[in-house]
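S.K.: Each residue of the sequence shown is one higher than the one before, counting from 1 in the UniProt record's numbering.
Here a beta-carbon is modelled for each residue, glycine too, at the ideal position from N, C-alpha and C.
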Amino acid sequence: MLAADDSSEPTEVVHQFTRKGRTLAVRVRYIPGVSDRGHLFVFGDARDGCLVRIHSQCLYGEAMGSDSCDCGPELELALDLIYRERAGVLIYLEQEGRGSGLMAKAQGYAYSQANRTDTFESYERLGLAPDSRDYGGAIDALCALGFLRSVKLLTNNPRKVIALRDAGFDVSRVRLYTKPKGPAAAAYLDAKRRQRGDIRHGLLSPHAWWWLTAAKWSLRLAGGSAVALSVWSMVQHWQLNAQAMAAALAFALSVAVTRLRWRAGPARPLSPWLAATWDRWRPGFAHVGAAPLDSNPGEVLGHRGVARDTAA
1 MLAADDSSEP TEVVHQFTRK GRTLAVRVRY IPGVSDRGHL FVFGDARDGC
51 LVRIHSQCLY GEAMGSDSCD CGPELELALD LIYRERAGVL IYLEQEGRGS
101 GLMAKAQGYA YSQANRTDTF ESYERLGLAP DSRDYGGAID ALCALGFLRS
151 VKLLTNNPRK VIALRDAGFD VSRVRLYTKP KGPAAAAYLD AKRRQRGDIR
201 HGLLSPHAWW WLTAAKWSLR LAGGSAVALS VWSMVQHWQL NAQAMAAALA
251 FALSVAVTRL RWRAGPARPL SPWLAATWDR WRPGFAHVGA APLDSNPGEV
301 LGHRGVARDT AA
């Protein structure tokens, strides 16, 4: 395998990528760096104002299916939304353990389990920065695309919104509502909400998820019943035979099942688009309750982001 800085390695590769039965062209670029290296993926015909996800690597959540975090479901939902739009940008950064690495993350888990603390507090007691991620490389990669001035940022993290806005992007935040897999994941989401100081984090309690999901399916059942009654009345009016009605219902059922298969992914009772619309109705929303860690925007942007912002 060629080194990332080898001149013979291509700077960009384009190929077709199929996911859940849908195929989009994807452009792949490498993002060099020390604390912010990774890869950039441009799906479909991405243009100004498209969906953008800046995602930090999580081996536990994405590859091992951990029930203690929301990283895997967030990435899954972000890709679902990008594929629904048939265009978007994903930046995947090698920032395991919020930038401290996998072994530090494992230490944080061990300390949390032994002392009943959240991972942010565990990191501090272990002498680690609660969040040492640098988004300078991601910002440089977005700027290098040349066509982005405004983005719909798929995130619950105000640090990312602040970083992009300070770099000159017009940012509209799309919150990612994911259902906690269990009590540990719910506690971690709540810790992120508290540590980031953002009361509008995409977090719902298990009770709220239960009631909202019940309401969603109750409305669907009511709508389905109304359609069934309408079809039945039409059958009675037209005096169609039972075989024709059975065929129509079988067709409708197959369409419903197919649609559910297309929408396969993390369970969610709310449309992320409704949340995004609400966010856009509230100017400056993403700056409300900025994280305490963000007292110095330069720490968020990284050295390259600061240089660009100063020059502007």
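In this structure, how does DSSP classify Leu148 when only helix, strand and coil are distinguished?
M.R.: Within the sequence shown, numbered from 1, the residue matching residue 148 stands at position 148. Of the three classes helix, strand and coil, the one that applies to Leu148 here is coil, per DSSP.
S.K.: Determine, using beta-carbon pairs with one atom in the segment 126-133 and one in the segment 26-33, whether at least three such pairs fall under 8 angstroms.
M.R.: The answer is no - the segment 26-33 does not touch the segment 126-133, with fewer than three Cβ pairs under 8 angstroms.
S.K.: Pick out whichever of Ala228, Val231, Glu85 and Ser230 has its Cα sitting closest to the Cα of Leu154.
M.R.: Within the sequence shown, the letter at position 154 stands for residue 154. Per the Cα distances, Glu85.
S.K.: Tell whether a beta-carbon distance below 7 angstroms holds between Leu75 and His55.
M.R.: Your numbering for residue 75 matches position 75 in the sequence shown. Your numbering for residue 55 matches position 55 in the sequence shown. Yes, they are a contact pair.
S.K.: Return helix, strand or coil for residue 315, following the three-state DSSP convention.
M.R.: Only positions 1 to 312 of the chain appear in the structure, and residue 315 is not among them; the question remains open.
S.K.: Could you give the distance in angstroms between the alpha-carbon of Glu121 and the alpha-carbon of Ser68?
M.R.: Taking the first residue of the sequence shown as 1, we reach residue 121 at position 121. Taking the first residue of the sequence shown as 1, we reach residue 68 at position 68. Cα to Cα, Glu121 sits roughly 16 angstroms from Ser68.
S.K.: With DSSP as the reference, label Arg19 as helix, strand or coil.
M.R.: Translated into positions along the sequence shown, residue 19 becomes position 19. Arg19: strand per DSSP, three-state reduction.
S.K.: Just checking, does the segment 38-55 make contact with the segment 91-105 on the three C-beta pairs under 8 angstroms criterion?
M.R.: The segment 38-55, when compared against the segment 91-105, does touch it at the 8 angstroms Cβ threshold.
S.K.: Do Ser150 and Asp80 come within 7 angstroms of each other at the CB atom, strictly closer than that value?
M.R.: For the purposes of this step, residue 80 is identified with residue 80 of the sequence shown, where counting begins at 1. For the purposes of this step, residue 150 is identified with residue 150 of the sequence shown, where counting begins at 1. No. Outside cutoff.
S.K.: Candidates Asn156, Arg165 and Trp211: which alpha carbon is nearest Arg53's?
M.R.: For the purposes of this step, residue 53 is identified with residue 53 of the sequence shown, where counting begins at 1. It is Asn156 whose Cα lies nearest to the Cα of Arg53.
S.K.: Thr178 and Asp45: beta carbons closer than 7 angstroms?
M.R.: As a first step, residue 178 must be located in the sequence shown, where it is residue number 178. As a first step, residue 45 must be located in the sequence shown, where it is residue number 45. Contact: no.
S.K.: Taking the CB atoms as reference points, tell me whether Val161 and Arg175 lie closer together than 7 angstroms.
M.R.: For this step, residue 161 is matched to residue 161 along the sequence shown. For this step, residue 175 is matched to residue 175 along the sequence shown. Cβ distance not < 7 angstroms, so Val161 and Arg175 don't count as in contact.
S.K.: Go ahead and pull the three-state DSSP assignment for Tyr92.
M.R.: Position 92 of the sequence shown holds residue 92. If DSSP states are grouped into helix, strand and coil, Tyr92 belongs with the strands.
S.K.: Distance check for Arg220 and Glu62, CA to CA, integer angstroms please.
M.R.: The residue you call residue 62 lines up with position 62 of the sequence shown. The residue you call residue 220 lines up with position 220 of the sequence shown. Roughly 31 angstroms between the two C-alpha positions.
S.K.: Are Gly108 and Tyr123 closer than 7 angstroms when you measure CB to CB?
M.R.: Working through the sequence shown from its first residue, we reach residue 108 at position 108. Working through the sequence shown from its first residue, we reach residue 123 at position 123. Yes.
S.K.: Below 8 angstroms CB to CB, which residues in the same chain sit around Gly72 once its five sequence neighbours on both sides are set aside?
M.R.: The sequence position of residue 72 within the sequence shown is 72, counting from 1. Closer than 8 angstroms at Cβ, skipping near neighbours: Cys58, Gly61, Glu62, Gly65 and Ser66.
S.K.: Using the C-alpha atoms, what's the distance from Thr23 back to Arg125?
M.R.: Within the sequence shown, numbered from 1, the residue matching residue 125 stands at position 125. Within the sequence shown, numbered from 1, the residue matching residue 23 stands at position 23. Cα to Cα, the separation comes out at about 46 angstroms.
S.K.: Can you find the residues in the same chain that come closer than 8 angstroms, C-beta to C-beta, to Ala104, ignoring five residues on each side of it along the sequence?
M.R.: Numbered from 1 along the sequence shown, position 104 holds the residue referred to as residue 104. So the list reads Gly97, Tyr123, Leu126 and Leu128, once near-sequence residues are dropped.
S.K.: Helix, strand or coil: how does DSSP classify Tyr135 here?
M.R.: Within the sequence shown, numbered from 1, the residue matching residue 135 stands at position 135. Three-state DSSP puts Tyr135 in coil, outside helix and strand.
S.K.: By the 10 Å Cβ neighbour count, where 16 or more other Cβ atoms means buried, how is Ala133 classified, buried or exposed?
M.R.: Sequence index remark: in the sequence shown, residue 133 carries index 133 (1-based). Looking at the sequence itself, residue 133 is Arg, so the reference to Ala does not match. Buried, since its Cβ has 16 or more Cβ neighbours within 10 Å.
S.K.: Which first and last residues belong to the beta strand (DSSP E) in which residue 353 is found?
M.R.: The structure shown has nothing for residue 353, since the chain only spans 1 to 312.
S.K.: Contact check, Ile139 vs Ala184 under 8 angstroms by CB: the rounded distance?
M.R.: Reading the sequence shown from its first residue, position 139 is the one you call residue 139. Reading the sequence shown from its first residue, position 184 is the one you call residue 184. About 32 angstroms; that fails the 8 angstroms criterion.
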